[in-house]
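**Q**
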Amino acid sequence: MRILTGDRTTGKLHLGHYAGSLSSRVALQDKYDTFILLADVQALTTHFDNPSLIQSSIIDVAIDNISVGLDPEKVTIIQQSQVSSIAELTIFYSMLVTVNQLSHNPTIKTEAKNYGYKEMTYGFLGYPVSQTADITFCNADLVPVGEDQLPHIEMCRKIVRKFNDLYGTEITEPEARLSKIGRLCGLDGNAKMGKSLGNALYLSDDEATVNKKVMEAVTDTNRISVKIPGNPDVCTVYKYHQSFNSQESENICSMCKSATIGCVACKRLLAAKLNALLDPMRQKRAYYESHLDEIKGLIAAGTAKANRIGNENLEKIKDKMHILIK
Ligand code: TRP
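For the sequence shown, my numbering begins at 45 and goes up steadily by one.
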């Protein structure tokens, strides 16, 4: 059974990526043949005017994935733009999706709003089609993703069913898998942590930065003094405790409600917990940042493997589509 998942290469990855997808990749890597896609074409859909960011992020995102605990000996790391079968499949799939379906995709709508797009490019609107090609070029069974990606996986399944029905192909219809930690809100309390929203804690942040960002996080804004009880239900810091400090979170909840812990002390506990999670990742990162050739070698080998698999599958698909002259 195969996993394919990936990240847009538009900057370093943050704790929201870890909560939503990276943590489950790590947990599943021993059970599944794991493919990790450095989605640089999808990065272009929003950042086509910033090629240098995309270039540095290809390496950064690969390092992020390995430093959280993916085993470079086991997982296949792939650069999307260099896998030609993904681009070809995207074209074929695009015949089976209407513009209307794409413009009603809730994630596309939210992202277009966040980016302030009055009009969408063809490439941006169509990225779920290209994502369908990402997932299916290697017949992936499982796609560990955050909640925001569910509409895309649903669309992928629909396209695959339609394609298989039409041409008699046997492309695998994949399933999404949500992580145990789940969606993480931003430090400012925004429903989503996002690079473009400026409310993120990066996996590459050092200890001092984590401490500072946690101190500035939004808590219960009605709790203007340590002496009055807080409401954990509206507190960002408490949500983080639930995600990353589950053992202590009940206790913290009751201390907050009874005003026996203040926000500063509560934040210190959280920052310590997050730093303990990030420390081993920082050590791995330091190693790879000084051994970039190893990272580049891994990407090259993974991409070559992806091309072999993709070309073979594409040949079969084209045959079924009757577009090969014999
Ligand atoms: N759209 C995903 C995100 O924004 C990234 C991605 C690209 C992806 N291709 C993929 C995720 C294929 C899963 C499978 O996080």
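Here a beta-carbon is modelled for each residue, glycine too, at the ideal position from N, C-alpha and C.
1) In the DSSP assignment, find the beta strand (DSSP E) that holds GLY226 and state where it starts and stops.
2) Pairs of beta-carbons, one from the segment 138 to 145 and one from the segment 89 to 107, closer than 8 Å: are there three or more?
3) Can we say the segment 109 to 124 touches the segment 323 to 336, given the rule of at least three CB pairs closer than 8 Å?
4) Just curious, the beta strand (DSSP E) that LEU48 is in, first and last residue?
5) Taking all protein chains shown into account, do 16 or more other C-beta atoms lie within 10 angstroms of the C-beta of PRO188, making it buried, or fewer, making it exposed?
6) Which whole-angstrom value describes the C-beta separation of ARG46 and ALA83, a residue pair presumed to lie in contact below a C-beta threshold of 8 Å?
7) Residues in its own chain within less than 8 Å of ARG205 by CB, not counting five upstream and five downstream?
8) Any idea if GLN291 is buried or exposed, counting beta-carbon neighbours within 10 angstroms, 16 or more meaning buried?
9) Indicate the three-state DSSP secondary structure (helix, strand or coil) for GLU117 in the structure shown.
10) Looking at LYS118: is its Cβ nearer than 8 Å to the Cβ of GLN86?
11) Under three-state DSSP, which class holds HIS58?
12) Spatial neighbours of GLY233 within its chain, please: CB distance less than 6 Å, with the 5 preceding and 5 following residues excluded, ordered by chain position.
13) Does the beta carbon of ILE343 fall short of 7 Å from some heavy atom of ligand 1?
14) Does the count of Cβ pairs from the segment 59 to 67 and the segment 223 to 243 closer than 8 Å reach three?
15) In whole angstroms, what is the alpha-carbon distance linking SER269 and LEU241?
16) With the cut-off set at 8 Å, would you say THR151 and GLN193 are in Cβ contact?
17) Rounded to the nearest angstrom, what separates GLN124 and SER248 at their Cα positions?
18) When the distance is taken between beta carbons, is LEU358 closer than 8 Å to GLU198?
19) Does the separation of the CB atoms of CYS307 and ILE296 fall below 8 Å?
20) Go through the segment 284 to 338 residue by residue and report every complete run of the alpha helix (DSSP H) that reaches 4 residues or more, in order.
21) What residues in its chain sit with their C-beta under 8 Å from that of ILE102, if we drop five residues either side in the sequence?
22) Within its chain, find whatever has a CB closer than 7 Å to the CB of MET259; leave out the 5 residues flanking it on each side and keep chain order.
23) If we count the other Cβ atoms within 10 Å of its Cβ and call it buried at 16 or more, is LYS271 buried or exposed?
24) Taking ALA83 as part of the beta strand (DSSP E), name the residues at either end of that continuous run.
**A** Let me lay it out:
1) Premise fails: GLY226 is in no beta strand (DSSP E) and is neither H nor E.
2) no
3) yes
4) 46 to 52
5) buried
6) At roughly 17 Å, the Cβ-Cβ gap does not stay under 8 Å, so ARG46 and ALA83 are not in contact.
7) GLU217
8) exposed
9) coil
10) no
11) strand
12) VAL262, THR280
13) no
14) yes
15) 29 Å
16) yes
17) 23 Å
18) no
19) no
20) 290 to 301, 307 to 333
21) THR53, LEU82, ASP84, GLN123, ILE343
22) LYS311
23) exposed
24) 77 to 83
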